[in-house]
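All remarks here apply to the structure that follows.
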Amino acid sequence: MHQIKVLAVGKIRERYLKEGIKEYLKRLKGYARLEIIEVDDESCPEKASAVEEERIRQKEGERLLKGISSRDYVIVLDLQGQEVSSPELASLLEERALSGQSSIVFIIGGSLGISEAVRLRANYRCSFSKLTFPHQLIRLVLLEQIYRACKINKKEIYHK
763 MHQIKVLAVG
773 KIRERYLKEG
783 IKEYLKRLKG
793 YARLEIIEVD
803 DESCPEKASA
813 VEEERIRQKE
823 GERLLKGISS
833 RDYVIVLDLQ
843 GQEVSSPELA
853 SLLEERALSG
863 QSSIVFIIGG
873 SLGISEAVRL
883 RANYRCSFSK
893 LTFPHQLIRL
903 VLLEQIYRAC
913 KINKKEIYHK
């Protein structure tokens, strides 16, 4: 059974997202031990300079890196990452399990993205789409895709 941790910047405030996340956490109980850890986000001025934005990414990145151990396989959700399909994500999780690396950490950055330090720590950088999503919404999408991957790997039926 996978030990999956989702490290994410910021808190979920929207009720509909909280309910969706709760539903997928419930569905995943039979497939993986899943933990969500939220780290504080930095406030960002309306018209932040590039230097201020980089400082914010670095501070959030430091918080994210504290939640990772040296044995974790780290998958960063990154717009510049490799686009993956649901079967490809399922294969990636299956490969990790077969190689004995069942402790997987998914990282979701804040509204400004992730720091270079987090990118460098990643074992794999993936993108779910070329579209940009709010980081709160992508947490729900990620959980659904982890659930879908588990169903694919168990050869169980799940709607297409």
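Residues in the sequence shown are numbered from 763 upward in steps of one, following the numbering used here.
The beta-carbon is built from N, C-alpha and C at its ideal position, and this holds for glycine as well.
Within the region 815–856, the runs of beta strand (DSSP E) at least 3 residues long that lie entirely inside it are, in chain order, 835–845. CA-CA distance, GLY792 to CYS912, rounds to 10 Å. Proximity to SER847 across GLU776, LYS780, PRO807 and GLU906 peaks at GLU906, based on C-alpha coordinates.
By the Cβ test, the region 850–870 is not in contact with the region 803–816, since fewer than three Cβ pairs between them sit closer than 8 Å. The Cβ atoms of ILE870 and ILE900 sit closer than 8 Å to each other.
Taking each of GLU918, VAL903 and ASN915 in turn and checking the Cα distance to TYR786, the smallest one comes out for VAL903.
Around the Cβ of VAL880, a 10 Å sphere holds 16 or more other Cβ atoms; the residue is buried. By the neighbour-count criterion, in which 16 or more other beta carbons inside 10 Å mark a residue as buried, LEU882 falls on the exposed side.
Here TYR786 carries a helix assignment [DSSP, helix/strand/coil].
The alpha-carbon separation between LYS917 and ILE766 amounts to approximately 20 Å. When C-alpha distances from VAL768 are compared across GLY843, VAL838, LEU851 and ASN915, the shortest belongs to VAL838. Secondary structure at LEU769: strand, using DSSP grouped into helix, strand and coil. The continuous beta strand (DSSP E) containing ARG795 extends over residues 794–801.
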